[in-house]
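2 protein chains.
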Amino acid sequence: MRNARHPERNEIEVLSVMGALSDPIRVGLVRVLADGRERGWGELRAPVAKSTLSHHLRVLRDAGVTRTRQEGTRCFVELRRDDLDARFPGLLAAVLTAADAAGIGADVGLAP
Amino acid sequence: MRNARHPERNEIEVLSVMGALSDPIRVGLVRVLADGRERGWGELRAPVAKSTLSHHLRVLRDAGVTRTRQEGTRCFVELRRDDLDARFPGLLAAVLTAADAAGIGADVGLAP
DNA sequence: TTCGTCGTTCTACGAACATCGAACATCGAC
DNA sequence: GTCGATGTTCGATGTTCGTAGAACGACGAA
């Protein structure tokens with residue numbers, strides 16, 4: 001959003017990323033974004049209130065996991081895969097594989 | 001830990017592991033154990049009270065990150081590297097590399 | 001301008017967490 | 001049996017987290 005603080009690639013901290021990826025909703029969001037496509041905020045579906053979804057997206061953004069871009073009145077979210085892979089090689093892939101196998105965050109998805 | 005519950009390899013959950021590895025003290029403990037050697041409880045040094053250290057070791061154990069063995073009145077702790085690598089390939093290595101580079105948990109060590 | 005949409009922020013609350021000191025249980029040594 | 005060492009557990013405390021609803025600010029459309 002407006003005061004969005006996206007950490008630079010070399011400012012991304014592993015503890016923050018681990019913390020961000022220890023919640024099922026947030027892992028679900030990452031899974032949805034894992035195809036590399038940018039998604040509109042309103043496209044995202046999660047079993048939580050709007051304010052809670054905003055909170056989770058903020059945690060991901062602050063940790064450096066996602067990037068949020070504002071365009072007019074709406075936002076687009078994207079996974080910072082390149083930055084994460086460069087900084088923590090193998091981490092994202094490991095989490096995605098495990099989450100996929102366990103079905104974690106399966107209740108997070110996209111609008112029909 | 002007489003009632004120590006060590007999850008089986010296939011019971012280890014990625015969210016629990018991520019949560020366990022999102023605290024600097026616990027990451028420091030994992031770094032100390034990363035050489036694969038089993039360590040005595042009393043050998044471990046961390047800037048927290050004994051009860052707090054016990055708590056952190058329990059979190060790691062419950063998550064399946066470490067294994068605790070009791071021998072008489074003392075305990076020995078060990079990293080479950082094989083199980084973690086088998087279940088979440090690349091995860092532990094990624095975290096250890098990042099933690100090492102950032103000096104996370106550097107205040108955790110071994111008795112002289 | 002007025003209205004409605006979009007997403008954030010504020011406020012609040014219960015749950016979970018990190019922390020400590022004290023009390024406890026267990027075991028080996030004397 | 002008694003003592004000391006070793007970890008765990010309990011109780012308390014302050015903090016952080018996940019959650020929701022309400023209010024807000026920014027923008028586009030009518």
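As given, the protein sequences belong to chains A and B, one line each in that order. Counted from 1, the first sequence has number 105 at position 105 by the UniProt record's numbering; the numbering is strictly sequential. Counted from 1, the second sequence has number 94 at position 94 by the UniProt record's numbering; the numbering is strictly sequential. The beta-carbon is built from N, C-alpha and C at its ideal position, and this holds for glycine as well.
- Bridge partners of E78(B) according to DSSP: R67(B).
- The three-state reading of DSSP puts L96(A) in helix, counting H, G and I together.
- Residues of chain B whose Cβ lies closer than 8 Å to the Cβ of A98(A) are, in chain order, V14, R87, F88 and L91.
- Per DSSP, reduced to three states, the secondary structure at G19(A) is helical.
- Counting other Cβ atoms within 10 Å of its Cβ, G64(A) reaches 16 or more and is therefore classed as buried.
- In its chain, beyond the 5 residues on either side, A20 and R26 have a beta carbon closer than 7 Å to the beta carbon of V59(B).
- Secondary-structure assignment with DSSP links R9(B) through no beta bridge to anything.
- With a threshold of 16 other beta carbon atoms within 10 Å, D35(B) falls short and is exposed.
- According to the DSSP assignment, P24(B) belongs to the alpha helix (DSSP H) that extends over P24 to L33.
- Residues of chain B whose Cβ lies closer than 9 Å to the Cβ of P24(A) are, in chain order, L15.
- Scanning chain A for C-beta atoms nearer than 7 Å to the C-beta of G19(B) yields S22, reported in chain order.
- Residue nearest to E11(B) within the set F88(B), A93(B), I104(B) and R74(B) is F88(B) (criterion: CA-CA distance).
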